[in-house]
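Engineer: Numbering (UniProt numbering), first residue to last: 1 to 323. C-beta: ideal position from N, C-alpha, C; glycine also.
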């Protein structure tokens, strides 16, 4: 009896030991449609939102599909049934049958890899939309340019929309090595331009903002000494977004014009300027009225009143000197 109990106990322990790795393997639930979290090598769009990530994803899909169709045409899906249809002779051929099976797997995967796919960003109130067959910088710039021109508000919870065209490990040496090649299309001679670097880190405490900016600015300068820093109105803005151990990079244009790529601000910028101008003109009018009234009052003062006022002011002057 004791002998039979010992293997049972061992089986229980073995089962428990096997159970733990099984749980770890189940955690990254991909769903068959590619990676489900932000990873190295990804391109996409980083979106910040206001406390409602689910609605943010819905707004992002709607906006990106709208403008994606305009720039790249409607998204095409492979006709799996059509790709796999063939003659009976091919089915008898083992090699052809194997090729068809591989094509079926590939087709199924392609159907699930959409042009835009939300993945876990690794930070609260941040959504990352992975892109395929899309240039994130051109797409986001086109969206902001249209919103800036039309002033038509198309989102409610999306705040900023930043294109991400490169990712690397969030360590200074890795970032330096990666950016030497990444920055070339914009800053390597004969290309040149004014630039600034904007930096944001989330769920990461081992990076130094000052060190990162210094190192990246040095790389830009080494690519072409004519590249100059301009913090007011640069031609290019280098966006550095760090989430955990992933560094997201992009180089964007019109960062100041498009209100730091903020979709809420870019549609109301002109309205705010008009309001500010109206307030300024109103305050100027009030000041002019005050000046005119003061001038009229000074003209109405009689000479004898002026002398009397000067005499009355003398004690005040002595008081002020004593004070």
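Alpha carbon to alpha carbon, what distance is there between residue 147 and residue 224?
Structural biologist: Roughly 34 Å between the two C-alpha positions.
Engineer: By alpha-carbon positions, which one of 222, 100, 219 and 75 ends up nearest to residue 113?
Structural biologist: It is 75.
Engineer: Does DSSP classify residue 264 as helix, strand or coil?
Structural biologist: Of the three classes helix, strand and coil, the one that applies to residue 264 here is helix, per DSSP.
Engineer: Per DSSP, what kind of secondary structure is residue 136 in: helix, strand or coil?
Structural biologist: DSSP places residue 136 in helix when its eight states are reduced to three.
Engineer: Cβ atoms of residue 221 and residue 227: under 8 Å apart, would you say?
Structural biologist: In contact: residue 227 and residue 221 (Cβ atoms closer than 8 Å).
Engineer: Measure the beta-carbon distance from residue 46 to residue 162 and round it to whole angstroms, keeping in mind my assumption that it falls under 8 Å.
Structural biologist: About 5 Å; that satisfies the 8 Å criterion.
Engineer: What's the C-alpha gap between residue 256 and residue 164?
Structural biologist: Their backbone Cα atoms lie some 18 Å apart in a straight line.
Engineer: Since residue 250 is in the beta strand (DSSP E), which residue starts that stretch and which ends it?
Structural biologist: Taken as a continuous stretch (DSSP letters only), the beta strand (DSSP E) holding residue 250 covers 246-253.
Engineer: Would you tell me roughly how many angstroms separate the C-alpha atoms of residue 268 and residue 59, rounded to the nearest one?
Structural biologist: For residue 268 and residue 59, the distance between alpha carbons rounds to 19 Å.
Engineer: Could you name the residues of the same chain whose beta carbon sits closer than 6 Å to that of residue 39, not counting the 5 residues immediately before and after it, in chain order?
Structural biologist: Around residue 39: no qualifying Cβ.
Engineer: Could you tell me the boundaries of the beta strand (DSSP E) in which residue 163 lies?
Structural biologist: That run of the beta strand (DSSP E) goes 158-164.
Engineer: Out of 141, 203, 194 and 211, point me to the one whose CA is closest to residue 175's CA.
Structural biologist: For the residues 141, 203, 194 and 211, the minimum Cα distance to residue 175 belongs to 211.
Engineer: Expressed to the nearest angstrom, what Euclidean distance is found between the alpha-carbon atoms of residue 247 and residue 241?
Structural biologist: When rounded, the distance between both Cα atoms is 6 Å.
Engineer: Need the endpoints of the alpha helix (DSSP H) that residue 214 sits in, please.
Structural biologist: 209-223 is the span of the alpha helix (DSSP H), which, as asked, contains residue 214.
Engineer: Evaluate residue 149 with the Cβ neighbour count: other Cβ atoms within 10 Å of its Cβ, from every protein chain shown; 16 or more gives buried, anything less gives exposed.
Structural biologist: When all chains shown are included, residue 149 counts as exposed.
Engineer: Identify whether residue 46 lies in helix, strand or coil by the three-state DSSP scheme.
Structural biologist: DSSP places residue 46 in strand when its eight states are reduced to three.
Engineer: Let me confirm a value: residue 229 is counted as buried when at least 16 other C-beta atoms fall within 10 Å, else exposed. Which label applies?
Structural biologist: Exposed, because fewer than 16 other Cβ atoms sit within 10 Å of the Cβ of residue 229.
Engineer: By the three-class DSSP mapping on this structure, what secondary structure does residue 194 have?
Structural biologist: If DSSP states are grouped into helix, strand and coil, residue 194 belongs with the strands.
Engineer: Output the distance between the C-alpha atoms of residue 339 and residue 67, rounded to the nearest integer angstrom.
Structural biologist: As displayed, the chain neither begins before 1 nor continues past 323, which places residue 339 out of reach and without an answer.
Engineer: Using a Cβ-Cβ cut-off of 8 Å (strictly less than) and excluding sequence neighbours within five positions of residue 136, which residues of its own chain qualify?
Structural biologist: Counting only Cβ-Cβ distances below 8 Å, and skipping sequence neighbours, we find 43, 44, 45, 163, 164, 165 and 250.
Engineer: Hey, how far is the Cα of residue 243 from the Cα of residue 123?
Structural biologist: Spanning the two alpha carbons is a distance of roughly 7 Å.
Engineer: Within 10 angstroms of the Cβ of residue 179, are there 16 or more other Cβ atoms? Answer buried if so, exposed if not.
Structural biologist: Burial call: buried.
Engineer: In its own chain, which residues sit with a C-beta less than 7 Å from the C-beta of residue 157, not counting the 5 before and 5 after it?
Structural biologist: Excluding residues within five positions, the ones whose Cβ falls inside 7 Å are 49, 50, 52, 55, 56 and 59.
Engineer: Which residue marks the beginning of the beta strand (DSSP E) containing residue 256, and which one marks its end?
Structural biologist: No beta strand (DSSP E) contains residue 256, which DSSP labels as neither H nor E.
Engineer: Considering only the beta carbon of each residue, do residue 119 and residue 190 sit closer than 8 Å?
Structural biologist: No, Cβ-Cβ distance for residue 119 and residue 190 is not below 8 Å.
Engineer: Since residue 53 is in the alpha helix (DSSP H), which residue starts that stretch and which ends it?
Structural biologist: That run of the alpha helix (DSSP H) goes 53-72.
Engineer: Could you say which of 234, 70, 209 and 99 lies nearest to residue 171 if we only look at CA atoms?
Structural biologist: Answer by Cα proximity: 209.
Engineer: What did DSSP end up calling residue 177 once you bin it into helix, strand or coil?
Structural biologist: Note: residue 177 maps to helix in three-state DSSP.
Engineer: Please classify residue 97 as buried or exposed, where buried requires at least 16 other C-beta atoms within 10 Å of its C-beta.
Structural biologist: Exposed is the call here.
Engineer: For residue 177, which of 292, 185, 216 and 286 has the nearest alpha-carbon?
Structural biologist: For the residues 292, 185, 216 and 286, the minimum Cα distance to residue 177 belongs to 216.
Engineer: Considering only residues of the same chain and omitting the five flanking positions on each side of residue 231, which have a CB-CB separation below 7 Å?
Structural biologist: Within the same chain, residue 231 has close Cβ partners 196.
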